[in-house]
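Protein sequences appear in the order of chains A and B.
Going by full-length UniProt numbering, the first residue of the first sequence is number 1, and it counts up by one from there.
Going by full-length UniProt numbering, the first residue of the second sequence is number 1, and it counts up by one from there.
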Amino acid sequence: MIEIEGITKRYDATTVVDDVSMVIEPRTVCVIVGTSGSGKTTLLRMINRLVEPTSGIIKLDGADNRSLPGYELRRSIGYAIQGHGLFPHRTVAQNIATVPVLLGWDKVRIKARVDELMTLYQLDPEAFGPRYPHELSGGQQQRVGVARALAAEPNVLLMDEPFGALDPIIRTKAQEDLLAIQKRFGTTIILVTHDMEEAVHMGDKIAVMDAGKLVQYARPAEILAKPASAFVETLVGASERPFRLLSLGRVRDAVEKGSAEGEAIPGDASQRDALAELLWSGRPALPVKGADGKPLGRVTVDGLVKRAARPA
Amino acid sequence: MKAWLPLLLRLALVVLLVAFVTNPGWFEPLLKPLTENNAPVIYNQGSLLTLTLLHLRTVLIATVAATIVAVALAILVTRPAGAEFLPLSRSLVNIGQTFPPVAVLALAVPAVGFGEKPTLIALFLYGLLPIFENALTGLTTLPANVVEAARGAGMTGWQRLTKVELPLSAPIILGGIRLSVVISLATATIGSTVAAKTLGEVIIAGLLSNNLAFILQGGLIVAALAVLIYDGLSAIERYTARRMGREAA
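Shown next, in the form of structure tokens:
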């Protein structure tokens, strides 16, 4: 659990982060969204004390984050940034091993951990371990960057626009991979982005920041349904709102009784994908199948349209 | 075939240089036309090999000392605690460069006496600037997100310096050392005016006795050394730059 209490950061006369308080539950993904200069990155960097706050307290699992020297604190918190920041003079394996080496793990344990993470990220340890970062593609470099951040099994992972430099197709894959790994390790992730799409897709909770202030901190559905201010509403994008709401729900939750013609859509696809498929194929209904391939029922255009309406 | 040509030329130059300093007598017929009145063709007041080695030793000592001081200064002024000394250290090093080497020699002789010492002082002062400037450039133009990642991973200031900042700026610092060595190789010849044992001795002897052969052999050995060392250090620089994932400039 991360408790941020009355955190303020001033540089001379400018207040970059203004009295922000929020609690991030363990094993959840919290996405901080905002425009450039909203203070979201500064807030993130105060958690691992790359920036020292002017006032306020941040507690990690109840302990003040100033109870350790900064560098020791940072070894216990994963940190991944945009453009990955890999060390160009070290091999992929050495990059991933950075924090374990700093912590003085023995060689066997480091090797096992590096191999585990590389396998998890679909990079063959034998083939990619001895390579240098500039020999990898952008997507591979990004994966190595996240693997490096996770190497010492941190409970908390801070990510500053980690997918910003990726093309849309690789980005979607990277987001899925991250969510899968988050579930597997139970890591608490705090992710900074300016992309509302990404926030709605990734976040258990979304924190919207504007001009240093925390404007709204709520579940994605609530942010979409009840934006706290005109700024949040603009950020959400009025024309995108119903589709983003649908993207939060799974098809299996919108299943109606009955059957339909055509190829079935899996139950764990998003309702947005189902609606897109219905509209594109011009059909009024689609059959739905479960993970085991058995038919569950059908989804209809009418049913989905009702779900896309603003919740009461 | 083309790619082998430069390497072949350098190899030939090495062979020629080694042959010349170890067996200068072989080249006597070549240099003979440059002398008059039956003057000696090959320098006869000391072995060319010994002078070459002493010349190199003087340059090596001065460069090593200049490297240590210049890099240490650059590290110091790029730390947050030393940032305010940046202008001061810059002007100090610049002063070293504005003094003509001859003036440094003239001033140093009364203080430390004749011989190798005043030459070392002049070369040391002369070598500082290029190394300092390059070390400063290297340490201040590191990719920001790499330095950020090093901090974020929990490296201490010392660990960031030794594991990230210095290795990444190594190619640029090496470039400064290369410049400094080449300048020193040439400047060291002047040291012989204050009785330092360098190849300058051969050139000065030639000037005094109007012996073109002496001047030429002293000058050519220094030139060959400079070309070979420059090339060698450039190659090391390119290799380290490739290892850092940067293309050599």
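From the three backbone atoms N, C-alpha and C, an ideal C-beta is built for every residue, glycine too.
Owing to the predicted nature of the structure, the values given are computational and were not obtained by experimental measurement.
Problem set entry | Simplified DSSP assignment, three categories, for residue 205 of chain A | Taking the first residue of the first sequence as position 1, residue 205 of chain A is located at position 205. Residue state, collapsed to three classes: strand.
Exercise. How about residue 54 of chain B and residue 213 of chain B: do their beta carbons lie closer than 8 Å?
Worked result: Here residue 54 of chain B refers to the residue found at position 54 when the second sequence is read from its first residue. Here residue 213 of chain B refers to the residue found at position 213 when the second sequence is read from its first residue. Not a contact, by the Cβ cut-off of 8 Å.
Problem set entry | Cβ-based burial, residue 306 of chain A [other Cβ within 10 Å; buried from 16] | Indexing the first sequence from 1 puts residue 306 of chain A at position 306. Exposed.
Exercise. With C-beta atoms as the reference, is residue 126 of chain B less than 8 Å away from residue 189 of chain B?
Worked result: Numbered from its first residue, the second sequence carries residue 126 of chain B at position 126. Numbered from its first residue, the second sequence carries residue 189 of chain B at position 189. No; because the gap between Cβ atoms is not below 8 Å, this pair is not in contact.
For this session: Under 6 Å Cβ to Cβ from residue 122 of chain B, same chain only, skipping five residues before and after it: list those, please.
Result: Locating residue 122 of chain B in the second sequence gives position 122, counting from the first residue. The residues 101, 104 and 105, in chain order, have a CB closer than 6 Å to that of residue 122 of chain B in the same chain once the five nearest residues on each side in sequence are set aside.
Exercise. Nearest CA to the CA of residue 205 of chain A: which residue from A:17, A:32 and A:2?
Worked result: Taking the first sequence and counting its residues from 1, the one referred to as residue 205 of chain A is at position 205. When each option's Cα is compared against that of residue 205 of chain A, the closest is A:32.
For this session: Report the rounded CA-to-CA distance for residue 16 of chain B versus residue 38 of chain B, giving the unit in angstroms.
Result: In the second sequence, the residue the question calls residue 16 of chain B occupies position 16. In the second sequence, the residue the question calls residue 38 of chain B occupies position 38. Approximately 26 Å, taken between the alpha carbons.
Problem set entry | With 16 other Cβ atoms within 10 Å as the buried cut-off, status of residue 190 of chain A | On the first sequence, residue 190 of chain A is found 190 positions in, with the first residue counted as 1. Buried, since its Cβ has 16 or more Cβ neighbours within 10 Å.
Exercise. Does the beta carbon of residue 153 of chain B sit closer than 8 Å to a beta carbon anywhere in chain A?
Worked result: For the purposes of this step, residue 153 of chain B is identified with residue 153 of the second sequence, where counting begins at 1. Closer than 8 Å: yes.
Exercise. Roughly how many angstroms lie between the CA atoms of residue 179 of chain B and residue 131 of chain B, to the nearest whole one?
Worked result: Translated into the one-based positions of the second sequence, residue 179 of chain B becomes position 179. Translated into the one-based positions of the second sequence, residue 131 of chain B becomes position 131. Cα-Cα distance, rounded: 8 Å.
Exercise. What's the call for residue 198 of chain B, buried or exposed, on a 16-neighbour Cβ count within 10 Å?
Worked result: Taking the second sequence and counting its residues from 1, the one referred to as residue 198 of chain B is at position 198. The residue is buried, with at least 16 neighbouring Cβ atoms inside 10 Å.
Problem set entry | residue 199 of chain B in three-state terms, based on DSSP | In the second sequence, residue 199 of chain B corresponds to position 199, counting from 1. Three-state DSSP puts residue 199 of chain B in coil, outside helix and strand.
Exercise. If you pair each beta-carbon of the region 142-149 of chain A with each one of the region 57-64 of chain A, do three or more pairs fall below 8 Å?
Worked result: no
Exercise. Once you ignore the five residues that flank residue 41 of chain B on each side, which residues in its own chain have a CB closer than 6 Å to its CB?
Worked result: Translated into positions along the second sequence, residue 41 of chain B becomes position 41. These residues qualify, in order along the chain: 28, 31, 32, 35 and 213.
Exercise. Taking 8 Å as the CB-CB limit, is residue 187 of chain A close to chain B?
Worked result: What you label residue 187 of chain A is simply residue 187 of the first sequence in a count that begins at 1. For residue 187 of chain A, the nearest beta carbon of chain B is not closer than 8 Å to its own beta carbon.
Exercise. So what does residue 266 of chain A bridge to, in DSSP terms?
Worked result: The sequence position of residue 266 of chain A within the first sequence is 266, counting from 1. According to DSSP, residue 266 of chain A bridges with A:289.
For this session: Could you check the C-alpha separation between residue 91 of chain B and residue 177 of chain B for me, to the nearest Å?
Result: One-based indexing of the second sequence puts residue 91 of chain B at position 91. One-based indexing of the second sequence puts residue 177 of chain B at position 177. Looking at the two C-alpha atoms, the distance is approximately 19 Å.
Exercise. Got a sec: which bits of the region 166-187 of chain B sit with their beta carbon under 7 Å from any beta carbon on chain A, in order along the chain?
Worked result: 167 and 168
Problem set entry | Alpha-carbon to alpha-carbon, residue 284 of chain A and residue 310 of chain A | Translated into positions along the first sequence, residue 310 of chain A becomes position 310. Translated into positions along the first sequence, residue 284 of chain A becomes position 284. Computed Cα separation, rounded: 22 Å.
Exercise. Between the C-alpha atoms of residue 120 of chain B and residue 184 of chain B, what's the straight-line distance to the nearest angstrom?
Worked result: Taking the second sequence and counting its residues from 1, the one referred to as residue 120 of chain B is at position 120. Taking the second sequence and counting its residues from 1, the one referred to as residue 184 of chain B is at position 184. Spanning the two alpha carbons is a distance of roughly 10 Å.
Exercise. What span of residues does the beta strand (DSSP E) with residue 21 of chain A cover, start to end?
Worked result: What you label residue 21 of chain A is simply residue 21 of the first sequence in a count that begins at 1. Note, residue 21 of chain A: beta strand (DSSP E), 14-24.
Exercise. Can you name the residues of chain B whose CB is closer than 8 Å to the CB of residue 193 of chain A?
Worked result: Here the question's residue 193 of chain A lines up with position 193 in the first sequence. What residue 193 of chain A touches in chain B: nothing, since even the nearest Cβ is about 17 Å away.
Problem set entry | For residue 135 of chain B, the three-state DSSP class (helix, strand or coil) | The count along the second sequence starts at 1 and reaches residue 135 of chain B at position 135. In this structure, residue 135 of chain B counts as helix in the three-state DSSP scheme.
Exercise. So which residues on chain A does residue 164 of chain B lean against when the C-beta distance must stay under 7 Å?
Worked result: Indexing the second sequence from 1 puts residue 164 of chain B at position 164. Residues of chain A passing the Cβ test: 87.
Exercise. Can you tell which of A:196, A:132, A:119 and A:137 has its C-alpha closest to the C-alpha of residue 317 of chain A?
Worked result: Past the edges of chain A, shown from 1 to 312, lies residue 317 of chain A, and the structure says nothing about it.
Exercise. Between which two residues does the beta strand (DSSP E) containing residue 214 of chain A stretch?
Worked result: As a working note, residue 214 of chain A is residue 214 in the first sequence. Note, residue 214 of chain A: beta strand (DSSP E), 213-218.
Exercise. Taking Cβ-Cβ distances shorter than 8 Å, what residues in chain B pair up with residue 219 of chain A?
Worked result: Counting from 1 along the first sequence, the entry for residue 219 of chain A is found at position 219. The premise fails here: residue 219 of chain A is roughly 29 Å from chain B at the closest Cβ pair, so nothing lies under 8 Å.
Exercise. Within 8 Å (strictly less), CB to CB, does residue 83 of chain B reach chain A?
Worked result: On the second sequence, residue 83 of chain B is found 83 positions in, with the first residue counted as 1. No, residue 83 of chain B does not count as interfacial toward chain A.
Problem set entry | Within 8 Å, strictly: CB atoms of residue 78 of chain B and residue 13 of chain B | Residue mapping note: residue 78 of chain B aligns to position 78 of the second sequence, counting from 1. Residue mapping note: residue 13 of chain B aligns to position 13 of the second sequence, counting from 1. No. Outside cutoff.
For this session: Taking only beta-carbon positions, decide if residue 99 of chain A is within less than 8 Å of chain B.
Result: Looking up residue 99 of chain A in the first sequence gives position 99. Yes, residue 99 of chain A lies at the interface with chain B (some Cβ there is under 8 Å from its Cβ).
Exercise. In chain B, what lies closer than 7 Å to residue 50 of chain A by C-beta?
Worked result: Position 50 of the first sequence, counting from 1, holds the residue named residue 50 of chain A. Near residue 50 of chain A (Cβ distances below 7 Å), the residues of chain B are 151 and 152.
Problem set entry | The alpha helix (DSSP H) enclosing residue 329 of chain A, as first and last residue numbers | In this structure chain A extends from 1 to 312, so residue 329 of chain A is not present and cannot be described.
Exercise. When the Cα of residue 75 of chain A is compared with those of A:175, A:155 and A:16, which residue comes out closest?
Worked result: Taking the first residue of the first sequence as position 1, residue 75 of chain A is located at position 75. Per the Cα distances, A:155.
Exercise. Does the Cβ-Cβ distance between residue 295 of chain B and residue 221 of chain B come in under 8 Å?
Worked result: No answer is possible for residue 295 of chain B: it lies beyond the span of chain B, which begins at 1 and ends at 249.
Problem set entry | Three CB pairs or more closer than 8 Å across the region 7-25 of chain A and the region 167-186 of chain A | Too few Cβ pairs lie closer than 8 Å, so no.
Exercise. What residues match up with residue 297 of chain A in a beta bridge as DSSP calls it?
Worked result: As a position in the first sequence, residue 297 of chain A is number 297, starting the count at 1. Looking at the DSSP assignment, residue 297 of chain A forms a beta bridge with A:288.
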